[in-house]
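What follows is one structure encoded as structure tokens, with my remarks underneath.
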Amino acid sequence: MSSYNRVILIGNLTRDPELRYTPGGTPVCTLRLAVNRPYLNQQGERKTDFLNVVVWRKQAEKCAEYLSKGRSIAVEGRLQTRDWEGPDGQRRYAVDVIADRVVFLGRRERAEDEFLEAGYEDFEEPVIEENHLPDVDDEINF
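See the structure below:
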């Protein structure tokens, strides 16, 4: 049986995007996304999951330019795990969403309208080298 790793999420940014560049100059943007669960708990409250989203290349630069804290977005991508050793010697683990596509939802600014009206000519299909994040954990702290 083959497996399939695909996620689609809609949520709100909990902070402004963080744009960085790998040592090779590739843009990478990290987003922190709050996604409400689709049900209420026994106390009638809705729980929220907070997820790290990683966006690459030109799409990363567009996210950093046009998105800000509180903005609603839709993300399509895949889950990817990573691990590292913390300063205390303990093994740490994280699950990230590697975005193939980010759609800006809700209220738009004028400059963003011009970008969206131009269509997705600037959209580049992300290519993840060797199917994982580059070893830049020292420079990119999620």
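With our numbering, letter number 72 in the sequence shown gets 86, and the count goes up by one each step, no holes.
Ideal Cβ placement from N, Cα and C applies to all residues, glycine included.
Three-way DSSP call (helix, strand, coil) for Gln57 in this model
coil
Using the three-state DSSP reduction, which class does Tyr18 fall into: helix, strand or coil?
coil
Quick one: complete alpha helix (DSSP H) runs, 4+ long, within the segment 59-105?
71-80
Compare the Cα-Cα distances from Trp70 to each of Arg115, Leu47, Leu81 and report the closest residue.
Arg115
Note down, in chain order, each residue of its chain lying with its Cβ closer than 8 Å to the Cβ of Val21, except the 5 sequence neighbours on either side.
Val89, Glu90, Gly91, Arg92, Leu93, Val111
What residue from Val67, Leu27, Ile24, Tyr80 has the CA that sits closest to Ala108's CA?
Val67
How would you label Ala76, buried or exposed, when you count the other beta carbons within 10 angstroms and need 16 or more for buried?
Here the sequence assigns Lys to residue 76, which means Ala is not the residue at that position. That one is buried.
When DSSP labels each residue in this structure, what does Pro52 get in the three-state scheme?
strand
Cβ of Ser86 within 9 Å of Cβ of Gly58?
no
Residue(s) in a DSSP beta bridge with Gly25
Ile87
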